[in-house]
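Enquirer:
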Amino acid sequence: MLDTIFDKIDKDIDLTREDLKFLLSMEDDSQLDQLYRKAYEVKTRNVGKLVYLRGIIEFSNICVKDCLYCGIRKSNTKAQRFMIPEEDVVTMAMWAYENDYGSIVLQSGERSDREFVDMVERIIHEIKRRSNSKLGITICLGEQSEETYQRWFNAGAHRYLLRIESSNPDLYRSLHPEDHDFEQRLNCIKILQKIGYQTGTGVLIGVPGQTIDHLINDLMLYKELDIDMIGMGPYLVHHETPLAEKAVDFNEERQLKQGLKMIACARLLLKDVNIASTTALQALHPQGRELGVMAGGNVIMPNITDVEYRKGYQLYENKPCTDENASQCRFCLQHRVESIGEKIGYGQWGDSIHYARRTKQA
Ligand code: SAH
Numbered sequence: 002m003l004d005t006i007f008d009k010i011d012k013d014i015d016l017t018r019e020d021l022k023f024l025l026s027m028e029d030d031s032q033l034d035q036l037y038r039k040a041y042e043v044k045t046r047n048v049g050k051l052v053y054l055r056g057i058i059e060f061s062n063i064c065v066k067d068c069l070y071c072g073i074r075k076s077n078t079k080a081q082r083f084m085i086p087e088e089d090v091v092t093m094a095m096w097a098y099e100n101d102y103g104s105i106v107l108q109s110g111e112r113s114d115r116e117f118v119d120m121v122e123r124i125i126h127e128i129k130r131r132s133n134s135k136l137g138i139t140i141c142l143g144e145q146s147e148e149t150y151q152r153w154f155n156a157g158a159h160r161y162l163l164r165i166e167s168s169n170p171d172l173y174r175s176l177h178p179e180d181h182d183f184e185q186r187l188n189c190i191k192i193l194q195k196i197g198y199q200t201g202t203g204v205l206i207g208v209p210g211q212t213i214d215h216l217i218n219d220l221m222l223y224k225e226l227d228i229d230m231i232g233m234g235p236y237l238v239h240h241e242t243p244l245a246e247k248a249v250d251f252n253e254e255r256q257l258k259q260g261l262k263m264i265a266c267a268r269l270l271l272k273d274v275n276i277a278s279t280t281a282l283q284a285l286h287p288q289g290r291e292l293g294v295m296a297g298g299n300v301i302m303p304n305i306t307d308v309e310y311r312k313g314y315q316l317y318e319n320k321p322c323t324d325e326n327a328s329q330c331r332f333c334l335q336h337r338v339e340s341i342g343e344k345i346g347y348g349q350w351g352d353s354i355h356y357a358r359r360t361k362q363a
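Just so we're aligned, residue 2 is where the sequence shown starts under our numbering, counting upward by one.
Next comes the structure, spelled out in structure tokens:
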């Protein structure tokens, strides 16, 4: 079966749901190795032997949402809330620019009040101004109005990451309080695409109640939405959240495997998109992000937030690198990436090739 699937890939025949089911159900380590190797081959063929960096600045953990899995949900009264001053966010971004990262991600807990929207707009403007428009900016600030998305786009952000979390409305509902709306989230993704953002999405992998069929549908939804970038990762427990009670049979090795399988399958199915090898993988394995690249990922998002704030941004427990500063990270990452025979695309935006093709066709 595996050979037949690989043969299809070589002949550029689309994988079916049954193929994906087979791949996602595999447990045998030598078979999994073959899967990762094939996905890596498809990665190098489509997006090259480069890994692009997005320095991520997690500038606030103040959040109006209450997602049942997330450590910075508003009901977690134990989280000490912080907001990094505007000027400091710009300074961190400029560090990325000076160190040739090529692009950054601005992420925070969710707010949509006027003060916040204005502030983000000013930050984007200022980063663009000070970097002579050379630093690429991705934002990951949740659900906003079309007007807000447009303003941030006009200010100079060109990529947006909004995870759908699950493509299944029932599973989505089981992970969120009642006032969080699946349809609205999906609609936001469509609005982002309409505005012209390179648009990314992703899901939580290995959440309680999730089946292989859900994961297949997640992959199919990426394809259906014609998404440019994927940022998905294994679910990790945070004990100050309601979902922790349901995650009693949590198993790190299984989470890691499922995360890597999903990256590999996404690469085989979507080929020329950007796929992040997320930090959550590294929380499960010291070489988690390298494994993610070897399974088909081509983007790494090193944390460049000042160390003093990192402990406050705990979406999940055991978040790695919370005591390492950005310079240490840079060195460590370069070494890690080169150790697997890849190069870092320093100074480049590393835009999604899929986006270029999609917009040229349109
Ligand atoms: N509010 C923003 C940013 C949220 S944090 C937004 O909605 O986009 C970014 C991502 O972290 C979320 O989309 C979620 O998929 C992930 N995340 C949150 N809690 C997590 C957990 N316990 N384990 C793994 N990933 C988690």
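Glycine included, each C-beta is placed from N, C-alpha and C at the ideal position. As the structure is a prediction and not an experimental result, all values here were calculated from the model.
(1) Taking 7 Å as the cut-off, decide whether the C-beta atoms of residue 62 and residue 110 are in contact.
(2) Can you give me the Cβ contacts of residue 157 inside the same chain, cut-off strictly under 8 Å, excluding the 5 residues immediately before and after it?
(3) Less than 8 Å between the CB atoms is what I'm expecting for residue 208 and residue 176, so what's the real figure, rounded?
(4) With residue 42 as the anchor, note down where its beta strand (DSSP E) starts and where it stops.
(5) Keeping to the same chain, check which residues put their C-beta closer than 8 Å to that of residue 23; ignore five residues upstream and five downstream.
(6) Determine the contact status of residue 136 and residue 58, defining contact as a CB-CB distance below 7 Å.
(7) Whose CA, out of 132, 93 and 67, lies closest to the CA of residue 112?
(8) Could you spell out where the beta strand (DSSP E) holding residue 160 opens and where it closes?
(9) Which term fits residue 115, buried or exposed, when burial requires 16 or more other beta carbons within 10 angstroms of its beta carbon?
(10) Tell me, to the nearest whole angstrom, how far the beta carbon of residue 313 is from that of residue 279; I am working on the premise that it is less than 8 Å.
(11) Excluding five sequence neighbours on each side, which residues of the same chain lie with their C-beta closer than 7 Å to the C-beta of residue 228?
(12) Which residue's Cα is closest to the Cα of residue 258: 17, 311, 31 and 18?
(13) For residue 372, which three-state DSSP category applies?
(14) Could you check if residue 316 belongs to the surroundings of the ligand SAH, using beta carbon to heavy atom distance under 6 Å?
(15) Rounded to whole angstroms, what is the Cα-Cα separation between residue 8 and residue 29?
(16) For the segment 71 to 85 against the segment 157 to 174, are there 3 or more C-beta pairs whose distance is under 8 Å?
(17) Check whether the segment 281 to 295 and the segment 260 to 268 touch, using three or more Cβ-Cβ pairs below 8 Å as the test.
(18) Can you tell me where the beta strand (DSSP E) holding residue 333 begins and where it ends?
(19) Taking 7 Å as the cut-off, decide whether the C-beta atoms of residue 216 and residue 69 are in contact.
(20) Go ahead and label residue 246 buried or exposed: buried means 16 or more other beta carbons lie within 10 angstroms of its beta carbon, across all protein chains shown.
(21) Please report the residue range of the beta strand (DSSP E) in which residue 53 lies.
(22) Less than 8 Å between the CB atoms is what I'm expecting for residue 56 and residue 10, so what's the real figure, rounded?
(23) Assess, as a yes-or-no matter, whether the segment 266 to 273 is touched by the segment 314 to 330 under the definition of 3 or more beta carbon pairs within less than 8 Å.
(24) Hey, could you find the ends of the alpha helix (DSSP H) residue 106 is sitting in?
(25) Drop a sphere of 10 angstroms on the beta-carbon of residue 332, count the other beta-carbons inside from all chains shown, and report buried for 16 or more, exposed for fewer.
(26) Quick check for students: name the residue ranges of the alpha helix (DSSP H) that lie wholly in the segment 196 to 278, counting only runs of 4 or more.
(27) At a threshold of 6 Å, does residue 164 count as lining the ligand SAH (C-beta to nearest heavy atom)?
(28) Mind checking whether the beta-carbon of residue 59 lies closer than 6 Å to any heavy atom of the ligand SAH?
(29) According to DSSP, is residue 144 helix, strand or coil?
(30) Which residue wins for smallest C-alpha separation from residue 34, given the options 310, 336 and 265?
(31) Out of curiosity, what's the CA-to-CA distance linking residue 65 and residue 143?
(32) Let me make sure I understand the geometry here. Which of 347, 178 and 131 has the alpha-carbon closest to that of residue 75?
(33) Is the distance from the Cβ of residue 345 to the Cβ of residue 48 below 7 Å?
(34) Quick check on DSSP: helix, strand or coil for residue 95?
(35) Just how far apart, CA to CA, sit residue 326 and residue 307?
(36) Taking all protein chains shown into account, decide if residue 14 is buried (16 or more other Cβ within 10 angstroms of its Cβ) or exposed.
Expert: Reading from the atomic positions:
(1) Translated into the one-based positions of the sequence shown, residue 62 becomes position 61. Translated into the one-based positions of the sequence shown, residue 110 becomes position 109. The Cβ atoms of residue 62 and residue 110 sit closer than 7 Å to each other.
(2) Taking the first residue of the sequence shown as 1, we reach residue 157 at position 156. Hits under 8 Å: 125, 126, 128, 129, 134 and 138.
(3) The residue you call residue 208 lines up with position 207 of the sequence shown. The residue you call residue 176 lines up with position 175 of the sequence shown. Yes, they are in contact, since the Cβ atoms of residue 208 and residue 176 sit about 6 Å apart, within 8 Å.
(4) As a working note, residue 42 is residue 41 in the sequence shown. No beta strand (DSSP E) holds residue 42; the alpha helix (DSSP H) holding it covers 30 to 48.
(5) If you number the sequence shown from 1, residue 23 lands on position 22. Excluding positions up to five away in sequence, the list reads 2, 3 and 6.
(6) Looking up residue 136 in the sequence shown gives position 135. Looking up residue 58 in the sequence shown gives position 57. No, the Cβ-Cβ distance between residue 136 and residue 58 is not below 7 Å.
(7) As a position in the sequence shown, residue 112 is number 111, starting the count at 1. Of 132, 93 and 67, the residue nearest in Cα terms is 67.
(8) In the sequence shown, the residue the question calls residue 160 occupies position 159. Where residue 160 is concerned, the enclosing beta strand (DSSP E) stretches over 160 to 162.
(9) Within the sequence shown, the letter at position 114 stands for residue 115. Under this definition residue 115 is an exposed residue.
(10) Position 312 of the sequence shown, counted from the first residue, corresponds to residue 313. Position 278 of the sequence shown, counted from the first residue, corresponds to residue 279. Actually they do not touch by this definition, with Cβ atoms about 19 Å apart.
(11) The residue labelled residue 228 in the question sits at position 227 within the sequence shown. Once the five neighbours on either side are set aside, the close Cβ partners of residue 228 are 200, 201, 202 and 274.
(12) One-based indexing of the sequence shown puts residue 258 at position 257. Comparing Cα positions, the closest option is 31.
(13) A question about residue 372 goes unanswered here, because the residues of the chain that appear run from 2 up to 363.
(14) The sequence position of residue 316 within the sequence shown is 315, counting from 1. Correct: residue 316 has its Cβ closer than 6 Å to the ligand SAH.
(15) Locating residue 8 in the sequence shown gives position 7, where the first residue counts as 1. Locating residue 29 in the sequence shown gives position 28, where the first residue counts as 1. Rounded to whole angstroms, residue 8 to residue 29 spans 20 Å at the Cα level.
(16) no
(17) yes
(18) The residue given as residue 333 occupies position 332 in the sequence shown. Counting along the chain, residue 333 falls outside any beta strand (DSSP E), though it belongs to the alpha helix (DSSP H) covering 327 to 340.
(19) Sequence index remark: in the sequence shown, residue 216 carries index 215 (1-based). Sequence index remark: in the sequence shown, residue 69 carries index 68 (1-based). Contact check for residue 216 against residue 69 fails: the beta carbons are separated by 7 Å or more.
(20) Your numbering for residue 246 matches position 245 in the sequence shown. Exposed is the call here.
(21) Within the sequence shown, residue 53 is the residue found at index 52, counting from 1. Looking at the DSSP string, the run of the beta strand (DSSP E) that includes residue 53 is 51 to 54.
(22) Position 55 of the sequence shown, counting from 1, holds the residue named residue 56. Position 9 of the sequence shown, counting from 1, holds the residue named residue 10. About 33 Å; that fails the 8 Å criterion.
(23) no
(24) In the sequence shown, residue 106 corresponds to position 105, counting from 1. Careful: residue 106 lies outside any alpha helix (DSSP H), inside the beta strand (DSSP E) at 104 to 109.
(25) Against the sequence shown, residue 332 aligns to sequence position 331. Classification for residue 332: exposed.
(26) 213 to 226 and 253 to 271
(27) Translated into positions along the sequence shown, residue 164 becomes position 163. Yes - the ligand SAH has a heavy atom lying nearer than 6 Å to the Cβ of residue 164.
(28) On the sequence shown, residue 59 is found 58 positions in, with the first residue counted as 1. Because no heavy atom of the ligand SAH lies under 6 Å away, the Cβ of residue 59 does not count as near it: no.
(29) The residue labelled residue 144 in the question sits at position 143 within the sequence shown. Looking at residue 144 - three-state DSSP - the assignment turns out to be coil, as it is neither helix nor strand.
(30) What you label residue 34 is simply residue 33 of the sequence shown in a count that begins at 1. Selection 310, 336 and 265 evaluated against residue 34 yields 265 as nearest (Cα-Cα).
(31) In the sequence shown, residue 65 corresponds to position 64, counting from 1. In the sequence shown, residue 143 corresponds to position 142, counting from 1. Near 11 Å, if we compare the C-alpha coordinates of residue 143 and residue 65.
(32) Position 74 of the sequence shown, counting from 1, holds the residue named residue 75. The shortest Cα separation from residue 75 among 347, 178 and 131 belongs to 178.
(33) Here residue 345 is taken as the residue at index 344 of the sequence shown, counted from 1. Here residue 48 is taken as the residue at index 47 of the sequence shown, counted from 1. No, they are not a contact pair.
(34) Mapped onto the sequence shown, residue 95 falls at position 94. DSSP places residue 95 in helix when its eight states are reduced to three.
(35) The residue given as residue 326 occupies position 325 in the sequence shown. The residue given as residue 307 occupies position 306 in the sequence shown. So the two alpha carbons sit approximately 7 Å from each other.
(36) Within the sequence shown, numbered from 1, the residue matching residue 14 stands at position 13. Per the 10 Å Cβ criterion, exposed.
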